[in-house]
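Have a look at the structure below before the remarks.
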Amino acid sequence: MITGSDSRRLLVIEHGRHAPAGLLADWAASRSLRVQTVALHAGGPFPAEPDFAAAVILGSELTAYDDTLPWLAGELAFIERMLAAPVPVLGICFGAQALARVLGARLYRLDEPEIGWARVASRSPGVAEGPWLSWHRDAFDMPPGATEIAANAVCVQGFSYGPHAGVQFHPEATQAIAASWVRLVTPPLGEDVTGPLLRAADGAWQRAAAHAPGLFSAWLDGGLTGRHTG
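All letters in the sequence shown, in the order written, are residues -2 to 227 by my numbering.
Structure (structure tokens):
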């Protein structure tokens, strides 16, 4: 639910130019939210004060437990300030891992990356079961006091903590964004992954795009809120 001092401003923390807001930006426009982006990959500074209606932390190819990243300590500290404000925070993939870390959860490397279309067991009416684009090699345990809102056989896929939430999948992603990730990934992905993802998606992109606004709105409007202690 909107609680910040500026009820029309949405902060977006971006870690790479190939991981933009995508469908999130379209949804924000539909809600008359003004997006302010901090482009960490371009040296963008964190705002002096966390006085936003809400904030979204996007994904990254990097690792939320790699303390050699020059901006990570500052990002974790800024997340702590937003939680204290309180500014509702939504973490997506890397963003969910960073949020989980601030809340005291363990982060870890998966045995195998989860890349492709994922379905989840939803514990919240605000989270559709999928398909959702999944693209990650790290995961997190449930933060202490958080509520699980989605999971599958690979890992926890989503949690809520008061007005805050994190999802491991990518509700913001478009086909063009995913195609750019395919071009950049090393070593290259095989046809067994890229085919179903791009050339033979069989309507998955349209279904994911239809699910995304409901998830974003459920978060902002308090529909993902879970009980927590601490």
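We put the CB at the ideal spot given by N, CA and C, even for glycine. As the structure is a computational prediction, the values presented were derived from the model and not from experiment.
Quick check: what's the CA-CA separation for M(-2) versus E126? One-based indexing of the sequence shown puts residue -2 at position 1. One-based indexing of the sequence shown puts residue 126 at position 129. Unreliable placement is indicated for M(-2), whose pLDDT of 46 sits below 50; the coordinate value is still reported in the next sentence. Spanning the two alpha carbons is a distance of roughly 23 angstroms.
Is there a Cβ of chain C sitting closer than 8 angstroms to that of Y158, yes or no? No chain C appears in the structure shown, which is made up of a single protein chain.
Could you tell me how far apart the beta carbons of Y158 and P140 are, in whole angstroms, since I believe they sit closer than 8 angstroms? Numbered from its first residue, the sequence shown carries residue 158 at position 161. Numbered from its first residue, the sequence shown carries residue 140 at position 143. Indeed, because the Cβ distance is near 6 angstroms, the residues count as touching under 8 angstroms.
Hey, out of V53, V151, Q33 and A215, whose CA is closest to A136's CA? Here residue 136 corresponds to residue number 139 of the sequence shown, with the count starting at 1. In this structure, V151 is the residue among V53, V151, Q33 and A215 with its C-alpha nearest to the C-alpha of A136.
Please report how far the alpha carbon of N149 lies from the alpha carbon of A118, in whole angstroms. In the sequence shown, residue 149 corresponds to position 152, counting from 1. In the sequence shown, residue 118 corresponds to position 121, counting from 1. Cα to Cα, the separation comes out at about 6 angstroms.
Output needed for R14: all residues of its chain with C-beta closer than 7 angstroms, excluding positions within five of it in sequence on either side, in chain order. Along the sequence shown, read from residue 1 onward, the residue named residue 14 stands at position 17. Within the same chain, R14 has close Cβ partners H38.
Beta-carbon gap between A93 and G142 smaller than 8 angstroms: Taking the first residue of the sequence shown as position 1, residue 93 is located at position 96. Taking the first residue of the sequence shown as position 1, residue 142 is located at position 145. Going by C-beta atoms, A93 is not nearer than 8 angstroms to G142.
Per-residue burial, G155 [other beta carbons within 10 Å of its own, 16 or more giving buried]: Indexing the sequence shown from 1 puts residue 155 at position 158. Buried, since its Cβ has 16 or more Cβ neighbours within 10 Å.
Taking L130 and A205 to be in contact with their CB atoms under 8 angstroms, please state how far apart those CB atoms are, rounded to whole angstroms. For the purposes of this step, residue 130 is taken as the residue at position 133 of the sequence shown. For the purposes of this step, residue 205 is taken as the residue at position 208 of the sequence shown. Contact flag correct, Cβ pair sits at about 6 angstroms.
Is it buried or exposed for L8, if we count other Cβ within 10 angstroms and need 16 for buried? By 1-based counting over the sequence shown, the position of residue 8 is 11. Buried, by the Cβ-count rule.
Neighbourhood of W68 by C-beta distance below 6 angstroms, restricted to the same chain and skipping five residues each side: For the purposes of this step, residue 68 is identified with residue 71 of the sequence shown, where counting begins at 1. Excluding positions up to five away in sequence, the list reads L37.
Since E77 is in the alpha helix (DSSP H), which residue starts that stretch and which ends it? In the sequence shown, counting from the first residue as 1, residue 77 sits at position 80. Residues L69 to A81.
What's the gap between the Cα of G192 and the Cα of E58? If you number the sequence shown from 1, residue 192 lands on position 195. If you number the sequence shown from 1, residue 58 lands on position 61. Distance between the alpha carbons of G192 and E58 is about 21 angstroms.
Can the beta-carbon of A95 be found closer than 8 angstroms to that of G101? On the sequence shown, position 98 is the one that residue 95 refers to. On the sequence shown, position 104 is the one that residue 101 refers to. Here A95 is not near G101, since their CB atoms are 8 angstroms or more apart.
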